[in-house]
Amino acid sequence: MNLFARMRDDILAALADMQAAGELPGGLDTANVTVEPPRDPAHGDMATNAAMVLAKPAGMKPRDIAAALSPRLAALDHVAGAEVAGPGFLNLRLADSVWADVIATVIEDRDFGRSDMGAGQRVNVEYVSANPTGPLHVGHTRGAVFGDALANLLDYTGWDVTREYYINDGGAQVDVLARSVYLRYLEAHGQEVAFADGTYPGDYLVAVGEALKEKVGDAYVDKGEDVWLEQIRDFATDAMMDLIRADLAALGVEMDKFYSEKSLYGTGRIEAALDTLDGKGLIYVGTLEPPKGKLPDDWEAREQTLFRSTDHGDDVDRPVKKSDGSWTYFAPDIAYHYDKIDRGFDALIDVFGADHGGYVKRMKAAVSALSDGQVPLDIKLCQLVKLWKNGEPFTMSKRAGNFITLRDVVDEVGPDVTRFTMLTRKNDAPLDFDFAKAVEQSKDNPVFYVQYAHARIRSVERKADALEIAMGPPQLSDPAEFDVARKLAEWPRLVEIAAKNHEPHRIAFYLYDLASSFHSLWNKGNDDPSLRIIQEDHPHVTAGKLALPRAVATVLTAGLGILGVTPLEELR
RNA sequence: GGACCAUUAGCUCAGCUGGAUAGAGCGCUGCCCUCCGAAGGCAGAGGCCAGAGGUUCGAAUCCUCUAUGGUCCGCCA
């Protein structure tokens with residue numbers, strides 16, 4: 092039940108009545124009529140812009156339309172009052188009973204806030220997709236949390252979601268990995284080795300080298316790459332993916348599918364994707380203009396096979412084949428997205444790090460071209476995370492030497508705090524993550540503040556249980572109680588907005604607001620004992636007051652569930 | 001030279017795809033809390049929404065230009 096959507100239906104019905112009665116011209120477009128909570132609570136519970144939107148097409152003054160609409164809405168049972176205000180707003184005040192109904196609905200209907208706006212359409216959310224060359228670092232962590240919460244959010248709003256990880260196991264970087272593992276392998280055989288530039292020196296490969304020795308003995312010692320490169324590449328990539336899967340599991344992220352770039356090679360799928368583009372006249376051989384400004388030192392004009400991405404919104408055409416005839420990294424990516432389209436997804440979402448921002452237009456161009464504009468691709472960029480501890484930059488890592496891993500973060504503050512904190516900023520805003528503040532138990536830590544609200548409610552409920560007082564029908568009287576109910580009523584609307592915009596951070600901010608209004612009510616109980624939930628001498632009153640916190644806890648749990656955070660029963 | 005993202009209170013940031021007097025936390029000021037459910041509470045000050053144009057009933061929000069900061073910019077992924 093979305094109160095705002097319901098009221099909008101009421102308004103549209105009233106407008107139709109007015110048209111039938113000749114008070115309004117027929118055939119008006121009502122698509123822009125909205126019902127929103129007013130910023131100023133003095134303006135009532137809801138406001139509609141209907142009169143202002145319709146004034147021009149109807150050829151009438153906004154206030155006249157509003158004045159005619161007002162009595163029709165005021166006559167509804169659940170509307171206590173309707174007033175024309177400002178330039179033509181219609182402010183609506185709802186009957187008190189509506190808010191008690193909201194509470195009751197939240198408690199009875201486990202799906203309060205769920206939406207069917209996705210209508211069962213299939214969406215593919217690709218996130219993390221880190222190279223399989225080492226453990227996930229803190230930047231991946233943000234992408235992982237963001238992508239996972241977005242996937243949850245879309246699931247909550249009626250989409251059929253596939254969570255997917257693209258393994259970049261086809262490029263030169265996995266050869267580098269293989270050579271690095273080979274060095275560790277030699278080390279395991281007691282040889283002294285030196286890690287040249289362009290190899291991965293991280294300790295995490297020591298175990299892989301030893302495992303390789305376990306498996307093949309000395310078969311590769313003193314042998315050339317032609318003997319071992321391919322085998323070690325597969326072995327090392329598998330080991331890294333095991334590591335990455337474990338990292339994701341520690342964060343509570345579970346993928347539906349891992350898609351291998353390598354699986355695209357030698358199967359004709361890259362060729363098929365490019366043939367499709369070629370069939371649309373979008374592939375040609377040519378030479379790109381040199382980039383403006385200062386040229387790279389070794390720049391020289393070369394003839395390449397190019398994708399005419401400029402036909403689909405890109406700034407320049409992009410090479411798909413190197414001058415030696417091999418694929419660029421872009422080619423398998425085109426094939427991969429072609430495969431997603433082929434698998435029948437209705438919408439695609441890619442979550443990238445901000446350093447891949449330059450890649451957005453060409454990828455969108457490719458999907459647009461391959462799907463004839465039928466499959467929308469949204470690319471969400473996650474900005475950098477800066478780590479702090481007590482206000483000092485934090486750069487040490489136990490595991491990997493020079494970068495902070497996902498494990499470092501999760502070990503330090505736990506998966507729940509990691510996830511919530513990563514969502515306290517918009518994805519495209521840089522994020523400061525302070526290890527100390529993230530676990531601080533104070534009001535300026537939103538994670539704690541939201542968890543505290545839930546724990547408080549659970550504490551009250553345990554106390555009520557001990558007193559053998561059961562929850563009864565909701566009773567609301569104080570303005571602070573209505574404020575909480577109003578906040579609860581916004582939940583379904585907020586979920587839809589967050590899902591439509593692919594912005595899970597809105598959930599986190601909402602939960603903070605909801606927690607805040609609940610804490611505010613609780614604090615009033617300090618001064619006014621009649622507002623306390625548990626009133627031992629009045630079990631009947633207590634029963635009526637228990638519903639509101641139950642409803643708050645229900646929505647907090649639902650919201651935290653979307654974020655992938657477990658609500659706490661009590662604080663320690 | 002170009003692309004993308006950002007620019008909102010002293011600081012860190014929200015802001016409902018265009019609505020009314022722009023919000024929160026921190027910090028600041030004042031009051032309360034040492035009997036109550038206080039890992040505190042209440043209230044207040046603080047703004048040319050970077051700047052300039054434009055679009056319309058109405059702009060922090062959409063468009064153009066400018067400034068500042070970040071990310072990136074042909075065979076690395």
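If you read the first sequence in this note's numbering, its first letter stands for residue 92, the second for the next number, and so on.
Glycine included, each C-beta is placed from N, C-alpha and C at the ideal position.
Query: Look up Ile470 in the DSSP assignment and say whether it is helix, strand or coil.; Result: strand
Query: Determine the direct distance from the alpha carbon of Pro381 to that of Pro148, and round the result to whole angstroms.; Result: 52 Å
Query: Taking contact to mean 3 or more Cβ pairs, one atom from each stretch, closer than 8 Å, check whether the stretch 151-169 and the stretch 206-219 are in contact.; Result: no
Query: With H, G and I counted as helix, E and B as strand and the rest as coil, what does DSSP make of Ile335?; Result: helix
Query: Could you tell me the alpha carbon to alpha carbon distance between Gly261 and Glu352, rounded to whole angstroms?; Result: 6 Å
Query: Quick one: Cα of Asp100 to Cα of Val643, how far?; Result: 26 Å
Query: With C-beta atoms as the reference, is Leu439 less than 8 Å away from Thr367?; Result: no
Query: List in chain order: all unbroken beta strand (DSSP E) runs of 3+ residues lying wholly within the stretch 276-361.; Result: 348-351
Query: Grouping DSSP H, G and I as helix and E and B as strand, with all else coil, what is Phe436?; Result: coil
Query: List, from N- to C-terminal side, the beta strand (DSSP E) runs of 3 residues or more that fit wholly inside the stretch 499-574.; Result: 522-525
Query: When you compare the stretch 249-263 with the stretch 288-295, are there three or more beta-carbon pairs, one atom per stretch, that lie closer than 8 Å?; Result: no
Query: Going by the DSSP bridge assignment, what does Asn182 pair with across the sheet?; Result: Ala138, Glu174
Query: Determine the burial state of Pro583: buried for a count of at least 16 other Cβ atoms within 10 Å of its Cβ, exposed for fewer.; Result: buried
Query: Have a look at Asp168, Leu115, Pro129 and flag the residue whose alpha-carbon is nearest the alpha-carbon of Pro153.; Result: Leu115
Query: Provide the residue(s) that pair with His228 in DSSP beta bridges, ordered along the chain.; Result: Thr496
Query: Could you name the residues of the same chain whose beta carbon sits closer than 6 Å to that of Gly448, not counting the 5 residues immediately before and after it, in chain order?; Result: Leu472
Query: Report yes if the CB atom of Tyr218 is closer than 8 Å to the CB atom of Gly234, and no otherwise.; Result: yes
Query: Out of curiosity, what's the CA-to-CA distance linking Pro292 and Asn222?; Result: 16 Å
Query: Note the first and the last residue of the continuous beta strand (DSSP E) segment covering Phe600.; Result: Run containing Phe600: none in the beta strand (DSSP E); it sits in the alpha helix (DSSP H), 596-618.
Query: Thr253 bridges to which residues according to DSSP?; Result: Asn215
Query: Around the Cβ of Arg434, are there at least 16 other Cβ atoms within 10 angstroms (buried) or fewer (exposed)?; Result: exposed
Query: Nearest by alpha-carbon distance to Ala197: which of Asp446, Arg498, Val646 is it?; Result: A small fix is needed here, since residue 197 is Val in this sequence, not Ala. Selected option, being the one with the closest Cα: Val646.
Query: Assuming Val501 contacts Thr509 under a Cβ cut-off of 8 Å, what Cβ separation, rounded to an integer in Å, is found between them?; Result: 6 Å
Query: Within 8 Å, do at least three Cβ pairs link the stretch 441-459 to the stretch 399-413?; Result: yes
Query: Curious, which full-length beta strand (DSSP E) runs of at least 3 residues does the stretch 112-156 contain?; Result: 137-139
Query: Taking just the CA atoms, how far does Ala426 sit from Ala445?; Result: 23 Å
Query: Report the option in Pro128, Arg409, Pro537, Phe485 whose CA atom is closest to the CA atom of Val451.; Result: Arg409
Query: Where does the unbroken alpha helix (DSSP H) through Arg584 begin, and where does it stop?; Result: 582-591
Query: Between the alpha carbons of Glu581 and Ala165, how many angstroms are there, rounded?; Result: 22 Å
Query: Please report the straight-line C-alpha distance between Thr60 and Leu662, rounded to a whole angstrom.; Result: One cannot answer for residue 60 here, as it falls past the ends of the chain, which runs 92 to 663.
Query: Measuring CB to CB, does Lys477 end up less than 8 Å from Pro521?; Result: yes
Query: Would Thr358 and Val265 be called neighbours here (beta carbons separated by less than 8 Å)?; Result: no
Query: Does the beta-carbon distance from Leu585 to Ala576 come in below 8 Å?; Result: no
Query: Going by DSSP, which residues form a beta bridge with Ile425?; Result: Bridge partners of Ile425: none, in fact.
Query: Take Ala555 as the anchor and find which of Thr396, Leu637, Met109 has the nearest alpha-carbon.; Result: Leu637
Query: Roughly how many angstroms separate the alpha carbons of Ser220 and Asn259, rounded to a whole number?; Result: 7 Å
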